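J.:
Chains as they are written, first to last, in the numbering used here: chain H, 1172 to 1353; chain R, -9 to 559; chain V, 576 to 786.
Below, the structure written as structure tokens:
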């Protein structure tokens, strides 16, 4: 009996440990982009604008610039921010999940790593949404679907221009401005 | 990735807790809060008092105010007139300049007798000088070089101002054979933009030491534009911040080019034609005659540059690395870090396309030309992770008449070096990939006639008529090369050692970036690197032996338990 | 299990401290060493190198003490190899252990290791040990090869190779050793002995009880 109980506890512990170490990997995705940093960002931006469902660009952040201003180096990072009131409104209108505004706007990060390759980092919105009840799960599921469309890269299409928000969006880690209102 | 997340989260929590504790302890015990002092100090750093070596101080050191010289108080009509005035005091200057490759554009490589220099070398950017003199010689330290019959003996043809200008107003325009604009002119031709005439008197009266801006007027713009050619030299180095170059930091050490390229008699040391692969000479000492390259890192920092503060074990290890690794390899983590992308490839074979009968350009996402009718296709990249190779300082170029490799890649310049020769270190390099014309009969590179003299209509110039045959014929003629009329394009690679844009020490590469299976030095051969190398078969045998032993004892133990239970049962 | 057992004092305080700190250091050296070898990432290369080197020097220090202790106390004799009863030991591990046969070797203060142990530990100390120390030493002082005039005769590739070979041998030994600690009078008697110094052994069959 003792052995069975011990085995049970050990099983739970192992599962817990596995879940703990894997959670980060499940919540976020990373993939290699076939294009340079700017072109990857530009293609994502244009995909976002073409997706519909109320999606607008709400900012482009360059945290690497802030590091440079402080006298240090880091490889390029650009964060594309996008927002759709279609999806943000229901969450913002529900007091019980309003704190999830912390996840807004929707972000996609494009960065280079030391192997010289460009990567796209995204949040696993679908899985994360499921943790917060049916409303959020439903909305985030749709966001996840759209997010897949943001990342479709068609190399036969020419490189679109990067969209740099006007209101000081490129400043030292400076923020949004530019796009639509979330 | 997962590991990092969990560890990151834990660290974050820890840091948060720590910050909170620190904050509380400050607010509790410290009536004059320390945190306020730190930002104030940081803010001051931005506009600090002139540092040693700054422009103001250097100016204060000179004993001559050139604006008070009678010789310079005249209405100069041309550059050579200014030079004449300069030479009335600096009697030997032109003779010194005449001996340098900045003047001759010629260099005899003592290692292999190859005739190099801009006049002879073919690259895979704008390719070559002959037939394009008036354009290219905008970067010659002289006036009037517009064809092969230039007078290299003339002292007044030396251009003093291009290196000694301090105003920033003196600009030599391509197409004017090394002259600046003496009257207002439209430049580039037909662009509608106007370039004002240079005030020669003003420039002449304000001459001074060379600076990052004067050297950079050519070396930052090589290859046809800002940041195009070198990757580690571009206009971001005019006033660099600390992150970009710790030595040239305008608010810090504020080195000029000449601080390292310490020049005697106008002959500037530190050239890519005969680079120093491995400097074992130690630091240069004042008063001691030392003819070795003063522009190496070791000439100031010595051979064991890493000092104390960190773990002594690591300090020693790092100093051992200097035997095999160039300083640049770790201390220039990426090049083109000044937010100015450098050109990575140039495909001439697509040049000449017209849209509605007119030349056109296409821009990439970042707004740089990815296609231009006059030049073909390009790619740009910033913050580039370098390639790495052994380099001992010996170089061989593919020159006019040398065979190319039509089926593979032709090396424009081949840098020698190996792990075994004892003279090499591992260096970071930029490899620039091109595709350029070659002669199908002679199998050697061709040099197109691209640019004409300013205001001259020239049907053979590629940049006017976009016709390869005429441009290649004219180019071959000017270079004294046979041309049968049949040509194609060949893939080429040109290697550029990276040595500028030295990052602050805290941004040097970490160990893991090379000591790992797929690290930066993955392709470098001839050395054993822990973490990267090993014998896969040994690992197989080793792990199999360990696993086998494990399986054996599990079997043995299982049997014991099973038999013991059966007996008990 | 057999009820006929008795206890004798086998391992002195120094030996026990030596054993356990050596065990901890060797396991730590294996962990950091295989990270330096590129098998996995945990501490990070730099930290692993610092830890590995520090642990190695600590182990050197420990060995200096241990050698001194063994020489002065005469305990080194415990490792003199013998083939006597080796066959019996092998037979025991292959068959007797399953049938609960009596252990063919009876530890005493003067002969604390069974013949297989003697051979194994001697191999560790005379083969794996020197191999790991020599290669480790050269590895550590790679920067001084030229000063010693040895750079022509050595290559880091082979120094590292044999260091790795020795590490794998140590790993195999560790696994086997860990298991065989359960092969005493009772599964835990060896381990208890290494902790307390007192080993539970089969009571002597023919003669009278020990106490």
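All C-beta atoms, glycine included, are put in the ideal place defined by N, C-alpha and C. As the structure is a computational prediction, the values presented were derived from the model and not from experiment.
Quick one, which of H/1229, H/1267, H/1246 has its alpha-carbon nearest residue 1252 of chain H's?
T.: Answer by Cα proximity: H/1229.
J.: Assign residue 232 of chain R to one of three DSSP states: helix, strand, or coil.
T.: Coil at residue 232 of chain R, not helix or strand.
J.: Can you say whether residue 1176 of chain H is buried or exposed, counting buried as having 16 or more other CB atoms within 10 angstroms of its CB?
T.: exposed
J.: Could you check which residue in R/154, R/316, R/431 has the C-alpha nearest to that of residue 415 of chain R?
T.: R/316
J.: Name the one or two DSSP bridge partners that residue 257 of chain R has.
T.: R/254
J.: Could you check where the beta strand (DSSP E) with residue 426 of chain R kicks off and where it finishes?
T.: 415 to 429
J.: Of all Cβ atoms in chain R, is any one closer than 8 Å to the Cβ of residue 1209 of chain H?
T.: yes
J.: Does residue 735 of chain V come within less than 8 Å of chain R when only Cβ atoms are used?
T.: yes
J.: Would you list the one or two residues that DSSP bridges to residue 92 of chain R?
T.: Partner(s): none; residue 92 of chain R has no beta bridge.
J.: My output table needs one value for residue 589 of chain V: the three-state DSSP class, helix, strand or coil.
T.: helix
J.: Looking at chain R, is there any beta carbon in it that lies within less than 8 Å of the beta carbon of residue 1326 of chain H?
T.: False, the Cβ-Cβ gap to chain R never drops below 8 Å.
J.: Identify, in the order they occur along the chain, each residue of the same chain with its Cβ nearer than 8 Å to the Cβ of residue 232 of chain R, setting aside the five sequence neighbours on each side.
T.: 239, 241, 242, 494
J.: For the beta strand (DSSP E) that residue 1285 of chain H lies in, which residues bound it at each end?
T.: The continuous stretches of beta strand (DSSP E) do not include residue 1285 of chain H, and DSSP gives it neither H nor E.
J.: Quick one: is residue 17 of chain R buried, meaning 16 or more other Cβ sit within 10 Å of its Cβ, or exposed?
T.: Low local confidence applies: a pLDDT of 35 at residue 17 of chain R is under 50, so the model's placement there is unreliable, and no value is given.
J.: Rounded to whole angstroms, what's the CA-CA distance from residue 560 of chain R to residue 131 of chain R? Just pull it up for me.
T.: With chain R represented from -9 up to 559, any question about residue 560 of chain R goes unanswered, as that position is not in the structure.
J.: Any beta-carbon of chain R closer than 8 Å to the one on residue 612 of chain V?
T.: Taking a beta-carbon distance threshold of 8 Å, residue 612 of chain V counts as an interface residue toward chain R.
J.: With a 10 Å radius around its C-beta and 16 neighbouring C-beta atoms as the bar for buried, classify residue 560 of chain R as buried or exposed.
T.: Residue 560 of chain R lies beyond the stretch modelled for chain R, which goes from -9 to 559, so this question has no answer here.
J.: Quick check: the region 625 to 636 of chain V against the region 659 to 672 of chain V, are there 3 or more CB pairs under 8 Å?
T.: no
J.: Would you check if there are 3 or more beta carbon pairs closer than 8 Å linking the region 73 to 93 of chain R to the region 433 to 440 of chain R?
T.: no
J.: Check the DSSP bridge columns for residue 175 of chain R and list the partner residues they point to.
T.: R/185
J.: Would you mind reading off the limits of the beta strand (DSSP E) that contains residue 371 of chain R?
T.: 366 to 371
J.: Can you grab the Cα-Cα spacing for the pair residue 588 of chain V / residue 772 of chain V, in whole Å?
T.: 7 Å
J.: Given a limit of 8 Å on CB to CB distance, which residues of the region 225 to 244 of chain R reach chain H?
T.: 231, 232, 233, 234
J.: When you compare the CB of residue 1220 of chain H with every CB in chain R, is at least one pair closer than 8 Å?
T.: no
J.: List the residues of chain H whose Cβ lies closer than 8 Å to the Cβ of residue 360 of chain R, in chain order.
T.: 1330
J.: Classify residue 1302 of chain H as buried or exposed, calling it buried when 16 or more other Cβ atoms lie within 10 Å of its own Cβ.
T.: exposed
J.: At 7 Å on the CB atoms, spell out the chain H contacts of residue 497 of chain R, in chain order.
T.: 1243, 1244
J.: Taking just the CA atoms, how far does residue 522 of chain R sit from residue 736 of chain V?
T.: 13 Å
J.: Looking at chain R, is there any beta carbon in it that lies within less than 8 Å of the beta carbon of residue 1342 of chain H?
T.: Unreliable placement is indicated for residue 1342 of chain H, whose pLDDT of 40 sits below 50; the coordinate value is still reported in the next sentence. False, the Cβ-Cβ gap to chain R never drops below 8 Å.
J.: Which residues mark the beginning and the end of the alpha helix (DSSP H) in which residue 620 of chain V is found?
T.: 620 to 648
J.: If contact means a Cβ-Cβ distance below 8 Å, which residues of the region 1261 to 1287 of chain H contact chain R?
T.: Flagged, chain order: 1283, 1285, 1286, 1287.
J.: Would a check of beta-carbon distances place residue 732 of chain V closer than 8 Å to chain R?
T.: yes
J.: Output the distance between the C-alpha atoms of residue 467 of chain R and residue 334 of chain R, rounded to the nearest integer angstrom.
T.: 30 Å
J.: Thinking just about the alpha-carbon of each residue, which of R/69, R/212, R/101, R/519 is nearest to the one in residue 150 of chain R?
T.: Checked all of R/69, R/212, R/101, R/519; the closest Cα to residue 150 of chain R is R/69.
J.: Is there at least one Cβ from chain R nearer than 8 Å to residue 784 of chain V's Cβ?
T.: For residue 784 of chain V, the predicted model reports a pLDDT of 41, less than 50, meaning its position is unreliable; a value from the coordinates is still stated below. Chain R, which has no Cβ nearer than 8 Å to the Cβ of residue 784 of chain V, makes this no.
J.: According to DSSP, simplified to helix, strand and coil, what is residue 284 of chain R?
T.: coil
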